[in-house]
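Residue numbers (my numbering): 11 to 286.
The following block contains the structure:
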């Protein structure tokens, strides 16, 4: 999916919502455990209930890999029921030496047919560029929403380019822009750092941002949108637990739909105000 196509979908639906399919078999409604594939049945109903209100789905690979071969079959079936015009993100956080990254790219692009993959930048350019393909996206981890982001990402370093002090995540943003364009690279920036979004936008004014951490992790949609939106929208806001676990009863799909609808309605108002 191209940047223009993704932007058009956002403006058509008046939503930049990404639904995270972090499906934990221990948290799905009990009645689904009778199904042949409980996780797939949960995902199928969540997708049917929310596809009207979102522009992206983000399966987290750990939740499928933890179930062994059957979990990967569930992932494959899940991908087949996501509508073609909805952006798909393999939340895999891969990143290894070049030939290994190439195998990961084949896995997610050629086999599962994802539009994008989350990638860790720690091993540098040659671990990232194998994921850069026409019509596909690298979503590079820059400033994540977890508490441990303080351990490295916010550390002060001396830039080897300018000789000036900067945060490590800022160095990642500046350096990685040389690897891929705003047409093929996005960045993960956690909603738990809304105070830093304005400065991040100065470094990468044109790129899409994938922002997790809204909802259950405490991030504010209004704060994220105020600083994260650019002139071409440039924003995907992910919500996982707040939507997919809105109810643990048999009405879980309806509850998920209502939660997604509520978030999308708020996004609609934000977009109208910004782009009217």
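Each residue gets a CB set at the ideal place from its N, CA and C atoms; glycine is no exception.
Assigned secondary structure, residue i (DSSP; H/G/I helix, E/B strand, else coil)
i, result
"residue 104", "strand"
"residue 62", "coil"
"residue 206", "helix"
"residue 188", "coil"
"residue 198", "strand"
"residue 176", "strand"
"residue 38", "coil"
"residue 99", "strand"
"residue 29", "strand"
"residue 127", "strand"
CA-to-CA distance, residue j to residue i, given in whole angstroms
i, j, result
"residue 181", "residue 286", "35 angstroms"
"residue 127", "residue 269", "26 angstroms"
"residue 207", "residue 138", "23 angstroms"
"residue 230", "residue 240", "17 angstroms"
"residue 279", "residue 162", "36 angstroms"
"residue 149", "residue 111", "14 angstroms"
"residue 91", "residue 160", "38 angstroms"
"residue 87", "residue 17", "27 angstroms"
Local Cβ density within 10 Å of residue i, reported as buried at 16 or more and exposed below that
i, result
"residue 32", "buried"
"residue 171", "exposed"
"residue 28", "buried"
"residue 204", "buried"
"residue 11", "buried"
"residue 19", "buried"
"residue 153", "buried"
"residue 43", "exposed"
"residue 284", "exposed"
Option nearest residue i by Cα separation, candidates the options
i, options, result
"residue 250", "57, 44 and 177", "57"
"residue 51", "38, 134 and 61", "38"
"residue 200", "248, 71 and 47", "248"
"residue 124", "102, 266, 234 and 59", "102"
"residue 238", "156, 84, 54 and 219", "219"
Near the ligand NAD: residue i beta-carbon under 7 angstroms from a heavy atom
i, result
"residue 50", "You won't find the ligand NAD in this model; it holds no ligand whatsoever."
Open item on the list: What ranges does the beta strand (DSSP E) occupy inside the region 129-166, keeping only unbroken runs of at least 3 residues that lie completely in it?
Closed with: 147-153
TODO: Any chance you could list the beta strand (DSSP E) runs of at least 3 consecutive residues sitting entirely within the region 214-248, in chain order?
DONE: 218-221
- [ ] Run through the region 44-90 for me and flag every whole beta strand (DSSP E) of 3 or more residues, listed as ranges in chain order.
- [x] 66-69
Task: Sequence ranges, beta strand (DSSP E) only - wholly within the region 241-285, length at least 3 - done: 245-249
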